[in-house]
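Going by my numbering, the first residue of the sequence shown is number 2, and it counts up by one from there.
Presented below is the structure to which this report refers.
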Amino acid sequence: MDGRLIIQSPASVGARTSLMGGPGGWVKTGQGRLEFTGTLPNAYGGAAQIQEGIVEASLSNGPAISGDLGVGEPSTNRPGPATAAFFTFAGGQIRNSSNLRVDRTGAVLIGPGRVGLPTANESFRGLAGQGYIRVAAGSILTLNPIGVSSFFGQVNGEGQLVKEGPGALNVHGPVSTLSGGARVQEGVFGVFGSFEHCAFTVAPNARLEGDGDVVRLTLGPGAEFGPLSGQRNKLGVPFNIYGSLTMSTGSVLKVDLFGNSPSQGNEIVILSEGARLHGAHLVPVLHYRPAEGEVIPVLRRGSAQYVGEFVGWPEGGVRVVDGVPLRISYHGGGTKDVTLTVGPLGLRSESVRVLGGNGNGKVEPNECNDLHLTVRNSGGSALPATKAYLRALTPGVVVTQPASTLGSLGVGSAGETVAPFRVSTDAGFECGGSVRLELQLVEEGGNTQTVPFTFDGGTDCGETGGPCAVCNVVAGTLDESSPGVANYVNQQSEPSSCAIAKSCPGLVSNPQFPLLPYGAHSFVNSSEAEACVTVVLKQTGECGPAGRALAAAAYLNTLDQVNPCDAFLGDMGAVVEGVYRPFAFKVPAGARFEVVVTSINGIPAGACARYTLEVHGISCPPPSLTIGPGPEPGTFMIQWGLGYSDFRLEQSNDLGVFVPHPSTPSVVNGKFTVVVPAEGARFFRLAK
2 MDGRLIIQSP
12 ASVGARTSLM
22 GGPGGWVKTG
32 QGRLEFTGTL
42 PNAYGGAAQI
52 QEGIVEASLS
62 NGPAISGDLG
72 VGEPSTNRPG
82 PATAAFFTFA
92 GGQIRNSSNL
102 RVDRTGAVLI
112 GPGRVGLPTA
122 NESFRGLAGQ
132 GYIRVAAGSI
142 LTLNPIGVSS
152 FFGQVNGEGQ
162 LVKEGPGALN
172 VHGPVSTLSG
182 GARVQEGVFG
192 VFGSFEHCAF
202 TVAPNARLEG
212 DGDVVRLTLG
222 PGAEFGPLSG
232 QRNKLGVPFN
242 IYGSLTMSTG
252 SVLKVDLFGN
262 SPSQGNEIVI
272 LSEGARLHGA
282 HLVPVLHYRP
292 AEGEVIPVLR
302 RGSAQYVGEF
312 VGWPEGGVRV
322 VDGVPLRISY
332 HGGGTKDVTL
342 TVGPLGLRSE
352 SVRVLGGNGN
362 GKVEPNECND
372 LHLTVRNSGG
382 SALPATKAYL
392 RALTPGVVVT
402 QPASTLGSLG
412 VGSAGETVAP
422 FRVSTDAGFE
432 CGGSVRLELQ
442 LVEEGGNTQT
452 VPFTFDGGTD
462 CGETGGPCAV
472 CNVVAGTLDE
482 SSPGVANYVN
492 QQSEPSSCAI
502 AKSCPGLVSN
512 PQFPLLPYGA
522 HSFVNSSEAE
532 ACVTVVLKQT
542 GECGPAGRAL
552 AAAAYLNTLD
562 QVNPCDAFLG
572 DMGAVVEGVY
582 RPFAFKVPAG
592 ARFEVVVTSI
602 NGIPAGACAR
612 YTLEVHGISC
622 PPPSLTIGPG
632 PEPGTFMIQW
642 GLGYSDFRLE
652 QSNDLGVFVP
662 HPSTPSVVNG
672 KFTVVVPAEG
682 ARFFRLAK
């Protein structure tokens, strides 16, 4: 064949027993069946495509497929049963240098062997597509990809899967029910879907990774295993083993730790049974600076016990990783986890100085306070001057001005942050409750250290000055008229902060609602310097915790619905007990940014459709007055934004001399309000 051979089988069975050669390929169309039988192997050089129907191969001296093979339509998104299939009834029907692509309408069945024919074992290079593969009992499917090969379909059957060669094979997609086992002989195997019925064995110097599921895992000497996210821009993921983990001497468990903070999360292995660890190595990799006393789970297990310990890390043993002492426990302080606890670090919280509020030096509900934090260097080396960022971990507490600096600290010395942090509390903060803060210190080269601060709030909660004023407040409603978006930012991680740039945690959708209503609100950093911006999403008290199903994220310039992660700045992370947590991010000087609020469960009901956004850290627009009808006949209301509490209302009869208006403003519908009788001509303005 010099060109392309079209084989059409409308409904009948076609048999091919002679040699098929030449540089061309072939295409199978029609719903009929084509059989390759006999003794002569095919030797054509082009690609083959099975668009419809069935192709069966049982050449005794194969291969029937001597080039790359595609099964199913490559461009269709149509779900449902396969309409194109390839069956092998003898081994060696696919040349081992061929690549296989199985699309959504395609299926490939390896075996079972027919009577009198060898076992149907097949070997080829790359695997791609989103279709269906079944390996029958007694059959073996071997893959030897060059580079990286990714398959998003299912691998089922009672047979066995083998990965060979230095390349990488990644299997994503839905649940695969393969039960005959899988062996990773060489290279990398990525389990990014579920193999919940399949036991994996990893040979020396090979690696298994991913964020999926397996039934059991055995690592040979020198083999490596570690969780790895298969989601775009999502870090810190679990890997599930429904049975046990067996690690041979010299094998390695590598876990990347990104922190329970804006930098995502920690990788963890979850076991239903125990693990054999004797002679194995644990390699934690820190991608953040953990706080002293932080407990990091590495292995989480069911009822069975651990056998053995990691090399060089006995119970209670301490190893220093990237300058951080980590103490291991194989029972996690009474739990069934293997945990790493961060030992004493060089920096400790010393004191907190509180200014503002009601003047008693304490933090209470409905107050605006300035905080100065003192840090002591108890380590063995000096700390250079750092940028300092503060975030609150207590509900009802918001850091509206989170940026400051800390001067250099010699060994044993203490220092106070230079510019005050501004902290606002609302009625949700418990009177006399503890305030938990996290100070993140960033050195010039990017090295970050975290210092936790915890102190008790005050109990003089009757006389308060009110929460911090905010001038950039917008309100929105999500209903049938709102625009729709198919995806939203995954809300499973921690809120973003200005200390560490947070990667986009990936996108998710709601299958019940193809389009989710959203509201987009634009702001500008009009200053000549980079701004640390804090956003607070709120809903009215009439919307209970169960109804709070909004997601908020910020984007540089505007939301790109095709590639939202490209302009991602930050997001609020997971909703904790019905509470939307504040989030912060950096915005370049003069840049525009957009905060997008999405309802993740379709159109909200009642009060849950309404929300407000408070944006701190950028300049306030000039104040403006609005005049409207008053609550009683013969009156009107003068209103202005709550962010302008340092302005006073003045009036004049002739635009000549303005004098302060005698009324004290009240708050109506989120605005300062003065009710004035409608009598005579008067002029009003705001002034400091």
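Where is the CB? At the ideal position from N, CA and C, for every residue including glycine.
Remember, predicted model here, so these are calculated numbers, not experimental data.
Expected contact under 8 Å - CB spacing of residue i and residue j to nearest Å
i, j, result
"V436", "R349", "Not confirmed; about 17 Å, so no contact."
"V72", "A121", "With a Cβ gap of about 16 Å, V72 and A121 do not count as contacting."
"L479", "S600", "5 Å"
"V424", "V443", "Actually they do not touch by this definition, with Cβ atoms about 20 Å apart."
"A487", "S510", "6 Å"
"D69", "N100", "5 Å"
"T465", "N367", "4 Å"
"H288", "D257", "6 Å"
"T340", "I271", "Actually they do not touch by this definition, with Cβ atoms about 14 Å apart."
Outcome for residue i when other beta-carbon atoms lying within 10 angstroms are tallied against a minimum of 16
i, result
"V675", "buried"
"L356", "exposed"
"N564", "exposed"
"R649", "exposed"
"A404", "buried"
"K689", "exposed"
"E529", "exposed"
"E457", "Note on residue identity: the sequence assigns Asp, not Glu, to residue 457. Answer is exposed; the Cβ neighbour count stays below 16."
"R208", "buried"
"I1", "Absent from the structure is residue 1, since the part of the chain shown begins at 2 and ends at 689."
"D338", "buried"
"D212", "buried"
"F684", "exposed"
"H617", "buried"
"A420", "exposed"
"D214", "buried"
"A292", "buried"
"S264", "With a pLDDT of 38 at S264, under the threshold of 50, the modelled position of that residue is not reliable, and the figure given next carries that caveat. Answer is buried; the Cβ neighbour count reaches 16."
"Q52", "buried"
"I501", "buried"
"P583", "buried"
Per DSSP, the bridge partner or partners of residue i
i, result
"N511", "F514"
"P630", "F637"
"S653", "F684"
"D214", "S195 and N241"
"V576", "Answer is none; V576 lacks a bridge partner."
"Y390", "A404 and Q441"
"A415", "R377"
Candidates the options: closest to residue i by CA position
i, options, result
"G280", "G260, V296 and V312", "V312"
"A679", "M638, L508, S646 and K672", "M638"
"A568", "K503, A83 and S600", "K503"
"V299", "E268, F190, P205 and V176", "E268"
"A276", "P345, G446 and L254", "L254"
"C533", "F594, H522 and G223", "F594"
"V163", "H173, R184, G154 and P175", "R184"
"N62", "I95, P623 and A85", "I95"
"T40", "G227, L179, Q50 and M21", "M21"
"G381", "L407, V256, G413 and A393", "G413"
"V284", "K672, V321 and V308", "V321"
"S494", "G574, F87, W27 and T219", "G574"
"G571", "V56, H522, V588 and G579", "V588"
"S483", "E417, V490, P518 and N473", "P518"
"E431", "N448, P396, L440 and T449", "P396"
"D561", "I604, V580, V490 and C609", "V490"
"F259", "T627, R290, V658 and F524", "R290"
"T1", "N97, R126, Q131 and G127", "Since the displayed the chain opens at 2 and closes at 689, residue 1 lies outside it and no answer follows."
"R126", "Q155, P167 and A137", "P167"
"F524", "V474, G485, F514 and P515", "V474"
"F659", "V28, W641 and L687", "L687"
"F196", "V398, A204, E225 and S177", "S177"
"T38", "K672, T627, G31 and S59", "S59"
"G631", "T613, H373 and Q640", "Q640"
CB contact below 9 Å: residue i versus chain B
i, result
"K587", "Protein chains in the displayed structure number just one, and chain B is not present."
Residue ranges of each alpha helix (DSSP H) run of no fewer than 4 residues wholly in the region 496-568, ordered along the chain? Qualifying alpha helix (DSSP H) stretches: none in this window.
What residue ranges within the region 114-180 form continuous beta strand (DSSP E) runs of no fewer than 3 residues, ordered along the chain? DSSP runs (the beta strand (DSSP E)) wholly in the region 114-180: 123-125, 128-130, 133-136, 141-144, 149-152, 155-157, 161-164 and 169-172.
Pick out the complete beta strand (DSSP E) segments inside the region 264-290, 3 residues or longer, and give them in chain order. Listed in chain order, they are 269-272 and 282-287.
Segments of 3+ residues assigned as beta strand (DSSP E) that fall wholly inside the region 336-376: For the region 336-376, whole beta strand (DSSP E) runs of length 3 or above, ordered along the chain, are 338-343 and 348-357.
What are the start and end residues of each continuous beta strand (DSSP E) run of 3 or more residues lying completely inside the region 50-86, in chain order? At a cut-off of 3 residues, the continuous stretches assigned as beta strand (DSSP E) that sit fully inside the region 50-86 are 54-58 and 70-72.
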